[in-house]
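Below is one structure, written out as structure tokens; the observations come after it.
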Amino acid sequence: METTKDAPSKFLNGNRITAFVILLVSGNLLNFSLRYGLFLEDGAPGPGLFPAIITAPLVGLCIAWLIIGDREVPKVKQDSDSKDELTAELEAKLDEIQEIDSDGKKRIAWVFFWTIVMFATFERLGSIISLSIYSIGLLFSISNTKSWKVFPSTLLMILLVTFGAVKIGVMLPDPFNIFRIFGGQ
Amino acid sequence: MSEIISNLQLGFDSVLTLNIFMWAVIGCGLGMITGVLPGFGPAAATGLLLPFAFVLPPTASIVMLACIYYGSMYGGTITSVLLNVPGEASSVATCIDGYAMTKRGMAGKALSISAVGSFIAGVIAVFGLIFSQKIAAIAITFTYLDVFGFSLLALTLVVGLTGDSMIKGLISAFLGLFIGMVGLDIYTGGPRFTMGLDQLQEGLPFIAIIMGIFGLSEILESIGGKKQPDYSGNIGSTLLKWQDFKDSIGAILRGTGIGFFFGLLPGSPAAASSFAAYTVEKRVSKTPERFGKGAIQGVAGPEAANNALGISNFIPLLALGIPSSATMAILLAAFTINGLTPGPLLFTNNPEIAWGLIASLALANVILLIMALPLVRMWVSILKIPTMILYTITLSFMSIGAYIIDGSMFSVLVLWIAGIVGFTLRRFGVPMAPAALTIVLGPMLEKSFRTALQVNYGEFSSLFSSSRANTAYALIVVVLATKMISSIRKSNKVRKMKSSAAMNGSK
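Keeping their order, the protein sequence lines are chains S and B.
Just so you know, we're using full-length UniProt numbering here: the first sequence kicks off at 1 and counts up by one.
Just so you know, we're using full-length UniProt numbering here: the second sequence kicks off at 1 and counts up by one.
Here is the structure:
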């Protein structure tokens, strides 16, 4: 079971890993920028100059994050003395990191799963069939509602949007010519 | 004066066609719906619906997106008042007395006064917006060097959006700047950071990125979150009495002035204006003890400030081409998609769009007042739909939206990568608003920087040869110094609080 003591240490570890990943990426980008050339032969700025100006401070900031990040803790009400309690509570509400429990993680995992399915089917099966599978899959996995009213109405909504998109000239994949039913091409 | 009237007439002529009017109504409606989604603010709503800019003609898409933005501000008020869930920082002040009114069975009245307050503030602010043409007339004489100076100033003001951690805010800003660098180099034509992918030669699809870092990351956060708010109560009467109006009009006018002023300052946090309006109302009130317990002025003032700020935010965009908030950066993207350049030349080259936008904001005020007052129960009923169903539908729409950017799954992939990166960074306290601004500002900054250096053979001292640019640099120094001093003060305060807490604990 996750204790409240674990949360700050998890946050700090995540903080360090995120800072380190961005540091690696920005270091690599700085290297690329330098390779593109800072100046052209005539002394004019080269293609790498501006990216180098951007990525060099990014590297520095990531190092600072790695160092200072250790002192950070997840959002708590720290400056409530200057405001009344209600205002401080609402400000904290905006900034606080919403806790994601195991159910929440499962829901996010389901979203990723069905998104991969959608990626695999969108162009092969067409937008209508693919998005219908996607929506039904998501509704079954992340929504508690099992009402059979919800599925037809959600599907109807997707059909209407797809129909509207086709009508205003949006090209969506349709290998089985389903759009012809709606008067599309 | 006659010039302004004839320009406004041009604007209304281009907007009051059946076609554009219809898109304005649809935009307001879509904005209301997305604004009503719990936790969704105007930036997420506008980012989510940005792909409309691809499929509609320029005037229709700009008017529609402006109406979506404006509508989502109205819609966001509903969740702030009924659920105590602000869609964005600027709605937090509304929550305080709005939610207190809901608890006292006066939700309908709170929603009505926020709609009326927003309408009055919106109408007054639109009059102020007319004068952006005057600022544009000055900005038209700007050289590349001046543009560089002022773009850099706008970038520095982004520090105001960085939240509590300046380092994380700056990381977000620099990451956004970098995203704008991907693609073919503007001068040499050579590919930069494209990793050999043809799709990246034209740069990263920033619309998919904005949809991802704002809309998708917000949805993932909400899907994973514990609380899934919905509203099942009754909002009560929405009718305002004359006394309510009399009690609120002062707050509305003061809020309008405060919001309008804050909106002119690029990078000023939107929450600051509504908090300032709330604080002013509490100070001038003869019964300050009623604040926090459902004072109608506590809703009217911040809402008026919020709406006036929403409109005056357009002034730096229309006059200078510099977005002052994340939402304005998204609207700037909509202009770019349609081959338009907001800024001083917009009033000269595309007056029908510049004045059409101003007219559409006036029109949106009327449409939204009608939508918000008699139809308020309809929007509230959206809150009765389980949020997971709304998110499922939104995720499907987002996929269609990203697909239409370039007619391939590449943009959908970029959307999801940006969404996951945005979601991860937000969980570690990295704000996303600076990135949205710098994604748009980056290419502009690079172009002006390199052109200014190019004409002076790479001589860096030439960057200081313009008095206007030097003024911008001086302001940059002031802004950075102020932010650093306030950060140091804040960290000292936290340290003191921690040490006193530790001392108390050891006793």
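Ideal Cβ placement from N, Cα and C applies to all residues, glycine included.
task: Would you check if the distance between the CB atom of B/G255 and the CB atom of B/A277 is smaller than 7 Å?
output: yes
query: What number of angstroms, rounded off, separates the C-alpha of B/M497 from the C-alpha of B/G183?
result: 48 Å
- prompt: So B/I370 packs on B/P205, CB below 8 Å; how close in whole Å?
  reply: Not confirmed; about 36 Å, so no contact.
query: Do B/P323 and B/L309 come within 7 Å of each other at the CB atom, strictly closer than that value?
result: no
query: Does the count of Cβ pairs from the stretch 31-46 of chain B and the stretch 69-86 of chain B closer than 8 Å reach three?
result: yes
- prompt: If you follow the alpha helix (DSSP H) that B/R377 is part of, which residue opens it and which one closes it?
  reply: 376-382
field: DSSP state of B/P344 mapped onto helix, strand, coil
entry: coil
- request: Compute the Euclidean distance between the alpha carbons of B/I488 and B/A372, then round it to the nearest angstrom.
  value: 44 Å
query: Is residue 511 of chain B near S/I53, with beta carbons less than 7 Å apart?
result: The question about residue 511 of chain B has no answer, for chain B in this structure spans 1 to 507.
query: Should B/F347 go down as buried or exposed, given a rule of 16 or more other Cβ atoms within 10 Å for buried?
result: buried
- request: Select from S/T18, S/F39, S/I108 the residue whose C-alpha is nearest the C-alpha of S/S141.
  value: S/I108
query: Residue range of the alpha helix (DSSP H) that B/A251 falls in?
result: 242-264
query: Under a three-way DSSP split, which group does B/L184 fall into?
result: strand
query: At a Cβ threshold of 7 Å, is S/G14 touching chain B?
result: yes
message: Using a Cβ-Cβ cutoff of less than 6 Å, which residues in the same chain neighbour B/R468 once the five nearest sequence positions on both sides are dropped?
response: D146
- request: Please compile the residues from chain B whose C-beta is within a distance smaller than 7 Å of the C-beta of S/K105.
  value: G224
field: Contacting residues, own chain, Cβ-Cβ under 6 Å from B/M166 (five flanking each side not counted)
entry: S487
- prompt: Interface residues of chain S around B/I404 at Cβ under 8 Å?
  reply: A165, V170, M171, L172
- request: Identify whether B/F428 lies in helix, strand or coil by the three-state DSSP scheme.
  value: coil
message: Please identify the residue among S/I181, S/V111, S/L159, S/N177 whose C-alpha is closest to the C-alpha of B/Y391.
response: S/V111
field: Beta bridge counterpart(s) of S/I100 as assigned by DSSP
entry: B/G225
task: Check whether the stretch 358-365 of chain B touches the stretch 120-128 of chain B, counting contact only when three or more Cβ pairs, one atom from each stretch, lie closer than 8 Å.
output: yes
query: Are the C-beta of B/D97 and some C-beta of chain S separated by less than 7 Å?
result: no
message: Taking a contact to mean a Cβ-Cβ separation below 7 Å, would you say B/I296 touches B/I20 in this structure?
response: no
- prompt: According to the Cβ coordinates, are S/L58 and B/F193 closer than 7 Å?
  reply: no
query: With 16 other CB atoms within 10 Å as the buried threshold, where does B/G189 fall?
result: exposed
message: I'd like to know whether the C-beta atoms of B/I315 and B/I210 end up nearer to each other than 7 Å.
response: no
task: For B/K168, return the contacting residues in chain S, with the cut-off set at a CB-CB distance below 8 Å.
output: W65
- request: Identify, in the order they occur along the chain, each residue of the same chain with its Cβ nearer than 7 Å to the Cβ of S/G37, setting aside the five sequence neighbours on each side.
  value: G46, P47, G48
message: Could you compute how far the alpha carbon of B/G29 sits from the alpha carbon of B/R427?
response: 31 Å
message: Contact criterion: CB-CB distance below 7 Å. Does S/G43 meet it with respect to chain B?
response: yes
field: Cβ separation of B/L48 and B/G215, assumed to be a contact under 8 Å, to the nearest whole Å
entry: 4 Å
Residues of its chain near B/G117, where Cβ-Cβ distance is below 6 Å and the 5 sequence neighbours each way are ignored: I252, A300, E303, A304
message: Please report the distance separating the alpha-carbon of S/V161 from that of S/A44.
response: 51 Å
task: Could you name the residues of chain B that S/T55 contacts, counting a contact when the two beta carbons are closer than 7 Å?
output: F178
- request: Report the three-state DSSP secondary structure of S/F176 (helix, strand or coil).
  value: coil
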